[in-house]
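Residue numbers (my numbering): 839 to 1047.
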Amino acid sequence: EEKPFELPEGWAWCRIGDIIGNIDAGWSPACMPEPSPNEEVWGVLKTTAVQTLEYREQENKTLPSSKQPRPQYEVKPGDILITRAGPKNRVGISCLVEKTRMKLMISDKIIRFHLASTDISARYISLCLNCGVTAEYLESSKSGMAESQMNISQDALKFAPVALPPSRIQIKVISLVEDFFSVCDHLKSRLQSAQQTQLHLADALTDAA
């Protein structure tokens, strides 16, 4: 009765809580505003490190030398991150960490989880969190007294619905989406090139006049 719509044969509705192995949030000590200069110095990720389908390791603050790091919160490849607190438009943003430098910790405004089975693609789940029924659920689950400070709880995240296909279909979906992104990037590049050509033409016509 709760299913948003019927799925193709072989697909199944599930909830995030059914497919994750563990889930946690990090630590937010008082930090210095500048980013950690290298992998020898610990840093704490800001929520801006988590963008839609994009992880930005450079978005971090330096942990003061007077504070002991907490290695259990170190971000690692394979982590799925989602922002849990902040302005409404910055809550529920998620990405998959495919690679990262060492000695960066998640803050307590970032939820992290891992999948329980290798048969489920982290890249596919990351896509689901950012579009369709799953993303719509996350948007409706945000709470708070003002749009400037909202949050989403771990319990709400665990209840998020996901349309889960067989492994081979997950791979096919990822491939199709990546092809689409590639086409979009190409079109953006062509548009920027055309705009630059128009500017050069306008300058040339002005000079000629």
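For every residue, glycine included, the Cβ atom is placed at its ideal position computed from N, Cα and C.
Source: prediction; values computed, not measured.
Asked	Found
Between Leu1029 and Ser964, is the Cβ-Cβ spacing less than 8 Å?	no
Please state whether DSSP places Arg961 in a helix, a strand or coil.	helix
Looking at Val929: is its Cβ nearer than 8 Å to the Cβ of Ile990?	yes
Rounding to the nearest angstrom, what Cα-Cα distance links Arg1006 and Glu847 in this structure?	14 Å
So Leu883 is in the alpha helix (DSSP H); what residue range does that whole segment cover?	Leu883 -> not in any alpha helix (DSSP H); beta strand (DSSP E) instead, spanning Gly881 to Leu883.
Quick check on this structure: which residue in Arg939, Ser932 and Lys941 has the alpha carbon closest to the alpha carbon of Phe951?	Ser932
Please determine, among Trp851, Asp993, Met943 and Leu1002, the residue with the shortest C-alpha to C-alpha distance to Asp957.	Leu1002
So, is Gln1008 buried or exposed, given that buried needs 16 or more other C-beta atoms within 10 angstroms?	buried
Just to confirm, is the Cβ distance from Leu995 to Ile857 under 8 Å?	no
Please classify Arg939 as buried or exposed, where buried requires at least 16 other C-beta atoms within 10 Å of its C-beta.	exposed
For Gln988 and Glu878, I'd like the C-alpha separation in whole angstroms.	Here the sequence assigns Met to residue 988, which means Gln is not the residue at that position. Each residue's Cα considered, the two are about 34 Å apart.
Taking the beta carbon of Ala998 as the centre, do at least 16 other beta carbons fall within 10 Å, making it buried, or is it exposed?	buried
With 16 as the cutoff for other CB atoms within 10 Å, does Lys869 come out buried or exposed?	A small correction: the amino acid at residue 869 is Cys; Lys does not occupy that position in the sequence shown. So Cys869 counts as buried.
Under 8 Å, with one C-beta from each stretch per pair, do the region 970–977 and the region 906–917 reach the 3-pair mark?	no
So, with DSSP's three-state summary, where would you put Gln992?	helix
Drop a sphere of 10 angstroms on the beta-carbon of Met943, count the other beta-carbons inside from all chains shown, and report buried for 16 or more, exposed for fewer.	buried
Apart from the five residues on each side of it in sequence, which residues of its chain come closer than 6 Å, Cβ to Cβ, to Glu985?	Lys926
Taking the alpha-carbon of Thr900 as reference, which of Leu883, Ala850 and Ser874 has the nearest alpha-carbon?	Ser874
By how many angstroms is the C-alpha of Trp865 removed from the C-alpha of Ser959?	27 Å
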